[in-house]
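So the number in the working numbering is just where the residue sits in the sequence shown, counting from 1, plus 2. Where a beta carbon is used, it is the ideal one built from N, C-alpha and C, also for glycine. Let me begin by presenting the structure, written as structure tokens, before commenting on it.
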Amino acid sequence: MKIACTIVLLAISKMLSAQSLPDKIAKAFAQFERDGQLQYGLTSLTVLNSASGEVVFSKNGNTGLAPASTLKTITSITGYNILKPDYKWETTLAYTGSIKAGVLYGDLIVKGTGDPTLGSDRYTNTKSGTLLNRWLEATKKAGIAKIEGRVIADDLLFGTQTIPDGWIWGDIGNYYGAGATSLNWRENEIELTIIPGSKTGMPVQIKNRDPEVEGLRLINELKTGISGSGDQVYGFSAPFTDLTYLRGTYAIDLKKRIVISMADPAYLLASQLQAHLSKAGITINGKTSTTRRLSMENNYRPLASITIDRYLSPGFSQIVYWLNQKSLNLYAENILKSMALKSDKPATFQNGVSTLTSYWNKRLGIDSNAISILDGSGLAPENRITTAVMAKILNSAKTEDWFPDFYASLPVYNNMKMKSGSIRNVLAYAGYEMSVSGTPLVFSFITNNYSGSTSSIKQKMFRVLDTLK
3 MKIACTIVLL
13 AISKMLSAQS
23 LPDKIAKAFA
33 QFERDGQLQY
43 GLTSLTVLNS
53 ASGEVVFSKN
63 GNTGLAPAST
73 LKTITSITGY
83 NILKPDYKWE
93 TTLAYTGSIK
103 AGVLYGDLIV
113 KGTGDPTLGS
123 DRYTNTKSGT
133 LLNRWLEATK
143 KAGIAKIEGR
153 VIADDLLFGT
163 QTIPDGWIWG
173 DIGNYYGAGA
183 TSLNWRENEI
193 ELTIIPGSKT
203 GMPVQIKNRD
213 PEVEGLRLIN
223 ELKTGISGSG
233 DQVYGFSAPF
243 TDLTYLRGTY
253 AIDLKKRIVI
263 SMADPAYLLA
273 SQLQAHLSKA
283 GITINGKTST
293 TRRLSMENNY
303 RPLASITIDR
313 YLSPGFSQIV
323 YWLNQKSLNL
333 YAENILKSMA
343 LKSDKPATFQ
353 NGVSTLTSYW
363 NKRLGIDSNA
373 ISILDGSGLA
383 PENRITTAVM
393 AKILNSAKTE
403 DWFPDFYASL
413 PVYNNMKMKS
423 GSIRNVLAYA
433 GYEMSVSGTP
443 LVFSFITNNY
453 SGSTSSIKQK
463 MFRVLDTLK
């Protein structure tokens, strides 16, 4: 009898909890909207029952807001659908001309197709040293002991626009603003070891660069910041330039490397490959270059080539894992451009966006105006998307065979599986949760133009999201 009563009470409790879920969310959201930090801001939350697709709660669901890095969930899901889970990027090593008595009378060419992981330390087989050794062995196996030509990095497949329209000047010189090319290298980043001054306000010293980039000029305007002020260092540069200004402060008690963007990763790859071959005794008489540089000099024409190595990137799911876990903008932008290429269009950001919006218009009937974006990562402040659309797309992923891999890529915040997004005065979350009654939920929560501290608004958003648990 006691067991039966307990079961009945639990069932009633679950029913009441399920019935009250929209009210609980509405109450918490209304309180959040009235908060002083949102006096000049706007916020939107959409929650769906992911089993039925029905709306549990939505406020301002059709208002376009800047999603920041939660946009990466849409790029990931679209990539799974268009590129497919088994998609891999191919990088080839080939030569032009002919080989006679161990001498290559032609050029050695590394050609990329947009692999964002080439030279990355995140995977065993992608490390720069591993790849340089691989290409050295392929060169030797081809019978090449001397090159009467050049080492060339072919980086033209994605064109010369490496930065999306809408990215701001204060971002593109930093690691998270690195451009997306068809031949990326070491995630297009340069690490700097910095030594602060002995007193606040004193200049800092740049002790080391990794990797060393030939011709790179760093204009160091950095000052030592007060204890506890952290990393306030910003790089200012442009794609394909050799000049970077470093501005801001580096705390007197800070011990971390600073990472800036690499302006011409393909050229560094070619330079490092040439140095690696030379060290192994292979003489190279030509000057290192890239197809972009040669095209600018009107000194490039495609020639027939013979491939001596084909390297494949890690699988798409492995790449999406790090894309969302570490919010890697470079990975998102290369996926966006690759989707355009897969759809038989030139690999531009604009074509990537149109491919993405067209796909969801055909698949779910989503108005393209509800996804008004300039990039795939969410870094552009001009991006606009509605929480209703984001929740709908996230929900569509749950029926796919690859969903477990996508779900695993999402970080955990506030004990919830969700992607975060943050740019200036923007904070957003999107993901999945199971309610106390056992109802599976999918949500998108975006706040724009809040005032005050990010840590404070984050805790207030978490309190709203706690009602979903």
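Sequence-distant partners of G354 (beyond 5 residues in either direction) whose C-beta falls short of 6 Å from its own C-beta, in its chain, are L338, K339, M341 and A342. With a minimum length of 3 residues, the unbroken runs of beta strand (DSSP E) contained wholly in the stretch 403-436 fall at 418-425 and 428-436. Boundaries of the alpha helix (DSSP H) around S398: T389 to S398. According to the DSSP assignment, E139 belongs to no beta strand (DSSP E) but to the alpha helix (DSSP H) extending over S130 to K143.
Counting C-beta pairs with one atom in each stretch, the stretch 264-280 and the stretch 174-189 have three or more that are closer than 8 Å, which means they touch.
Uninterrupted beta strand (DSSP E) stretches at least 3 residues long and entirely within the stretch 235-313 occur at 245-253 and 260-263, given in chain order. In terms of Cα proximity to Y434, the closest of T246, L470 and K257 is L470. Around the CB of K289, fewer than 16 other CB atoms lie within 10 Å, so the residue is classed as exposed. Counting every other CB atom within 10 Å of its CB across the protein chains shown gives Q41 a total below 16, marking it as exposed. By the 16-neighbour rule on beta-carbons within 10 angstroms, Q461 is exposed. Separation of the CB atoms of E223 and L248 is rounded to 6 Å, and the pair is thereby assigned contact status at 8 Å.
Boundaries of the alpha helix (DSSP H) harbouring G172: W171 to I174, taken from the DSSP string. Setting aside the 5 residues that flank it on each side, Y178 is surrounded in the same chain by N331, each with a C-beta closer than 6 Å to its C-beta; the list follows chain order.
Residue environment: P348 is assigned as exposed (fewer than 16 neighbouring CB atoms within 10 Å of its CB, all protein chains considered). Non-local beta-carbon contacts of R259 in its own chain, meaning distances under 7 Å to residues more than five positions away in sequence, involve E193, L194 and T195 in chain order. Pairing G237 with N176 gives a Cβ-Cβ distance under 9 Å. With respect to the C-alpha of G104, the residue from T285, M436, N385 and I197 having the closest C-alpha is T285. Non-local beta-carbon contacts of A306 in its own chain, meaning distances under 8 Å to residues more than five positions away in sequence, involve T98 in chain order.
Comparing C-alpha distances from I375 to each of F351, R365 and L366 shows the shortest one belongs to F351. Annotation: K86 is outside any beta strand (DSSP E) and is labelled neither H nor E by DSSP. The alpha-carbon separation between D369 and P383 amounts to approximately 21 Å. Contact fails between the stretch 395-412 and the stretch 134-150, because fewer than three Cβ pairs, one in each stretch, are under 8 Å apart.
For a cut-off of 8 Å, the C-beta gap from L396 to T75 is around 6 Å, short enough to register as a contact. Collapsing the DSSP output to three states places S46 in a strand. Using a Cβ distance threshold of 9 Å, L443 and V112 do not count as a contacting pair.
Here the alpha carbon of N300 sits roughly 15 Å from the alpha carbon of T162.
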